[in-house]
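Going by our numbering, the sequence shown opens with residue 301, and the numbers climb by one from there.
Notes follow once the structure below has been shown.
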Amino acid sequence: MAAVHATCRSSLEDCPMMFRILALSALAACSTSAAPAPAPPTQAPLASPPILEDLEGEAAARGRALALNACASCHAVGWSGSSPLAAAPPFRDVVRRRSIESLANSFSEGLVTDHGPMPAYTFRASEIDDLTAYLERLQEPGRRPAAAR
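Spelled out as structure tokens, the structure:
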């Protein structure tokens with residue numbers, strides 16, 4: 301056995317075991333260096349600009365807040381519930397009976413009601429836009445603003 305070790309030290313060709321180990325090591329090194337390089341990181345897609353639906357949703361949420369502050373003491377302003385004042389129709393019924401355009405005109409010219417005294421409100425144009433955006437959502441319950449869900 302001592303003779304074999306002496307031979308291995310003198311030449312790799314004389315030691316088949318050492319030759320195999322080195323050959324396998326070289327092969328393993330080649331296979332790892334030949335692996336394909338990882339793909340470069342891709343850029344994250346740019347955020348898309350806000351779409352009209354988002355803007356309408358924000359207007360409807362502001363309109364809902366306005367309705368809660370200015371109208372909810374007498375009217376039910378949501379998709380369910382009774383009006384606190386029995387003679388004041390729920391908004392969901394009002395939007396079934398009148399067009400949004402008609403309501404917008406009433407908001408800008410002054411409201412005339414058939415249910416008794418109603419406080420006089422003066423709405424700014426932006427408030428009318430927000431309120432009508434909310435009332436449009438009442439016509440289409442599947443499009444509720446996030447704040448009302």
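C-beta: ideal position from N, C-alpha, C; glycine also.
Nearest-angstrom Cα distance between residue i and residue j?
| i | j | result |
| --- | --- | --- |
| Ala-359 | Leu-431 | 8 Å |
| Glu-440 | Phe-423 | 24 Å |
| Ile-351 | Gly-357 | Residue placement at Ile-351 is flagged as unreliable, the pLDDT there being 42, under the threshold of 50; a coordinate-derived value is accordingly withheld. |
| Cys-374 | Gly-381 | 12 Å |
| Val-394 | Ala-372 | 14 Å |
| Glu-401 | Ala-376 | 21 Å |
Do the CB positions of residue i and residue j come within less than 7 Å of each other?
| i | j | result |
| --- | --- | --- |
| Tyr-421 | Gly-363 | no |
| Pro-390 | Ser-399 | no |
| Arg-396 | Trp-379 | no |
| Ile-516 | Ser-406 | Nothing can be reported for residue 516: it is not among the residues displayed for the chain, which extend from 301 to 449. |
Quick one: using the 10 Å Cβ neighbour count with 16 as the cut-off for buried, is residue i buried or exposed?
| i | result |
| --- | --- |
| Ala-361 | buried |
| Arg-437 | buried |
| Leu-411 | exposed |
| Ala-387 | exposed |
| Ala-425 | exposed |
Residue i by DSSP, collapsed to three states: which one?
| i | result |
| --- | --- |
| Ala-372 | coil |
| Glu-436 | helix |
- At 4 residues or longer, and completely inside the segment 377 to 426: list those alpha helix (DSSP H) runs for me, N to C. Those alpha helix (DSSP H) runs which fall completely within the segment 377 to 426 and span 4+ residues are 391 to 397, 400 to 409.
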